[in-house]
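Take any residue in the sequence shown, count from 1 to its spot, add 5: that is its number in our numbering.
Here a beta-carbon is modelled for each residue, glycine too, at the ideal position from N, C-alpha and C.
This report refers to the structure that appears directly beneath it.
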Amino acid sequence: MIYNIIHIVHFNGGDNMLRLIQFEIIKICKSTFFRIMMIGFLLFILTYFTYVYINTVRADDLIINLESMMFTQEQHLQELYDVLESNEGESDRETEQSIETWERFQERDSKLLQAYEEEDWTTIMELEIEQYEPGVEMLRNDPYQNVYTWPTFFSKETLLAQYKWIRDREITPVLRIEEFAWKTAYDEVFDDPIGEEIVKENSIKYSSAGVHFLKSVFQMLFSLIGAILFLFLFADVVTKEGLGRNGPIHLLKTQPIHRQKILVSKFMTVIIVSFMTLLITAILSIMLGVIFDRLGDWDYPVLIYGEERTFTYMNLGTYLLQSFGLFFMILLFCYSILFLFSVITKKTLIALGLTLATIIIGITWSKESVLSSFAPYIPFHYFSVGEVITNELAVTLEDFTFSFANGMISFGVVSLGVLFMTFVIFVVQSKYSN
Numbered sequence: 006m007i008y009n010i011i012h013i014v015h016f017n018g019g020d021n022m023l024r025l026i027q028f029e030i031i032k033i034c035k036s037t038f039f040r041i042m043m044i045g046f047l048l049f050i051l052t053y054f055t056y057v058y059i060n061t062v063r064a065d066d067l068i069i070n071l072e073s074m075m076f077t078q079e080q081h082l083q084e085l086y087d088v089l090e091s092n093e094g095e096s097d098r099e100t101e102q103s104i105e106t107w108e109r110f111q112e113r114d115s116k117l118l119q120a121y122e123e124e125d126w127t128t129i130m131e132l133e134i135e136q137y138e139p140g141v142e143m144l145r146n147d148p149y150q151n152v153y154t155w156p157t158f159f160s161k162e163t164l165l166a167q168y169k170w171i172r173d174r175e176i177t178p179v180l181r182i183e184e185f186a187w188k189t190a191y192d193e194v195f196d197d198p199i200g201e202e203i204v205k206e207n208s209i210k211y212s213s214a215g216v217h218f219l220k221s222v223f224q225m226l227f228s229l230i231g232a233i234l235f236l237f238l239f240a241d242v243v244t245k246e247g248l249g250r251n252g253p254i255h256l257l258k259t260q261p262i263h264r265q266k267i268l269v270s271k272f273m274t275v276i277i278v279s280f281m282t283l284l285i286t287a288i289l290s291i292m293l294g295v296i297f298d299r300l301g302d303w304d305y306p307v308l309i310y311g312e313e314r315t316f317t318y319m320n321l322g323t324y325l326l327q328s329f330g331l332f333f334m335i336l337l338f339c340y341s342i343l344f345l346f347s348v349i350t351k352k353t354l355i356a357l358g359l360t361l362a363t364i365i366i367g368i369t370w371s372k373e374s375v376l377s378s379f380a381p382y383i384p385f386h387y388f389s390v391g392e393v394i395t396n397e398l399a400v401t402l403e404d405f406t407f408s409f410a411n412g413m414i415s416f417g418v419v420s421l422g423v424l425f426m427t428f429v430i431f432v433v434q435s436k437y438s439n
């Protein structure tokens, strides 16, 4: 360690900061702990992709189901034909109407089967819209619409809009595409426990296509758990060289470098390495999908809740970019707290422990203050990235001031404040340590 630091003596002039950052990046990448964590993370991504690939519903699976259902329909139709023939020419209007109904089902399912075999997604969506839209329009002005019981009118309306988005943009849908595979935040009550289980199971859709798998990775990683993972990854970046009286970091202070640059370079290094780690994760996720399945559709619809049960759809590419941006601000916020406690305590475990305690206590406390006027500007509310971007958090809290924009602002402002405090403390410590 001391040998490496001594080499800093060759740094001079205006490129000190860049060289310090380069030096810090090399140290992190050579760290055994960092390498082990990266290998573990790689294995996790590969394992998770295998799980998603296995659980992805494909056209062949639905073709088998359709063929089985059509076989049952044919048997039932044959039974109805036999009943009609046994009447020996007598009129049986009820049986005739049943035959007409089942023949329509058979005709539609035959078209649907052919479309699945040819992967004609436009025809499939047309058939789904043709069947689903009349019922939705009939309920539009119904004063007794379902508000909380699945399927709510909101769920029906958003599903129809999703069908039309997919059809109009000629997108390959993530299967299954049916009402029993769709629920929204307003579906709070189910009449049938068996139906509830089916809907909740089928509404969790998996796709091993590149961008869709990336969405699944982001939804899993971009949370409190992901933030804690990154905190463990960089917990000792400030303290491992010793901020105490005899730490080797003081060799840097004997060089022609402003002391403040040492701390700034470490923070910039953590930000850069975090960004590169997330970027590599995104590229790896997409590449796995492309190699073993397909790229997917950047224009795929993501439901965004609006006030008073309105809604819009956001394309998947925008959703992924916003997710990346918000989680990056979460990391900025967490790192600023970590650096503050690292400078104050000068001990890795204590600094990490205080950081985690601050975050967990902050999240717990924020749940108790959701009714306050300043609640939307408390950053601890915004750790569930997906719920923030889709406004599901706003629906849950019944307050649409909890938004992506306010989350970004609150993380940014508080992080800058904490970093300024850290910088001041570091300068004071450096002054009195001389």
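Decide if residue i is buried, meaning its Cβ has at least 16 other Cβ atoms within 10 Å, or exposed.
i    : result
Y86  : exposed
W370 : exposed
R113 : exposed
F388 : buried
M292 : exposed
Y149 : exposed
A410 : exposed
R145 : exposed
T427 : buried
T406 : exposed
Y437 : exposed
I469 : Shown here, the chain extends from 6 to 439; a query on residue 469 therefore has no answer.
R174 : exposed
T52  : exposed
V432 : exposed
Y444 : This structure does not reach residue 444, given that the chain is present from 6 up to 439, and the question cannot be answered.
R264 : buried
G200 : exposed
G45  : exposed
E183 : exposed
L283 : buried
Can you tell me whether DSSP reads residue i as helix, strand or coil?
i    : result
T274 : helix
T427 : helix
L376 : coil
L308 : strand
T177 : coil
F388 : coil
T244 : coil
V418 : helix
F49  : helix
F338 : helix
N146 : coil
Y86  : helix
N411 : helix
N251 : With a pLDDT of only 47 at N251, under 50, the local geometry of the prediction cannot be trusted, and the value read off the model is given with reservation. Reduced to three states, the DSSP call for N251 is coil.
I393 : The displayed chain sequence assigns Val, not Ile, to residue 393. V393: helix per DSSP, three-state reduction.
N320 : strand
T106 : helix
E202 : helix
T369 : helix
V222 : helix
T61  : coil
V152 : coil
Let me check understanding here. Comparing Cα to Cα, which of the options lies closest to residue i?
i    : options                   : result
D298 : L284, T177 and I368       : T177
V141 : T163, Y121 and E123       : T163
R181 : V275, R109 and L71        : L71
D304 : Y310, Q167, V429 and T286 : Q167
S408 : A186, L424 and A380       : A380
S221 : S290, I335, A362 and E124 : S290
S328 : M225, G367 and I267       : M225
F425 : F39, L268, K35 and E84    : L268
T429 : K266, H217 and N320       : At residue 429 the sequence reads Val, which differs from the Thr that was named. Per the Cα distances, K266.
E392 : L357, A362, L331 and L361 : L331
F218 : I296, K245 and F158       : I296
K443 : L398, I171 and L359       : No statement about residue 443 is possible, as the shown extent of the chain runs from 6 to 439 and does not include it.
T128 : Y137, E138 and K116       : K116
F185 : S415, Y191, W170 and V204 : V204
N320 : S270, W170, W187 and I233 : W170
L376 : T360, A362 and T401       : T401
R172 : E135, P139 and S415       : E135
V216 : L236, F237, P139 and T286 : T286
With residue i and residue j assumed to form a contact (beta carbons below 8 Å), what rounded beta-carbon distance in angstroms separates them?
i    : j    : result
S374 : I383 : 7 Å
Q119 : L82  : Rounded, the Cβ-Cβ distance is 19 Å, inconsistent with contact.
S228 : T189 : Contact doesn't hold; Cβ gap of about 21 Å is too wide.
Check: Between the segment 336 to 343 and the segment 418 to 431, are three or more C-beta pairs nearer than 8 Å?
Finding: yes
Next item on the list: Report yes or no: do the segment 230 to 245 and the segment 347 to 355 share at least 3 C-beta pairs separated by less than 8 Å?
Entry: yes
Check: Do the segment 45 to 62 and the segment 202 to 217 touch if we need at least three Cβ pairs shorter than 8 Å?
Finding: yes
Check: Can you find at least 3 beta carbon pairs, one from the segment 187 to 204 and one from the segment 147 to 157, that sit closer than 8 Å?
Finding: The way I'd put it, the segment 187 to 204 does touch the segment 147 to 157; three or more beta-carbon pairs between them come closer than 8 Å.
Check: Would the segment 303 to 320 and the segment 379 to 388 be scored as touching if the rule is three or more Cβ pairs under 8 Å?
Finding: Between the segment 303 to 320 and the segment 379 to 388, the count of C-beta pairs closer than 8 Å stays below three; the two stretches do not touch.
Checklist line | Touching by the beta-carbon criterion (3+ pairs, under 8 Å), the segment 27 to 39 and the segment 261 to 281 | finding: yes
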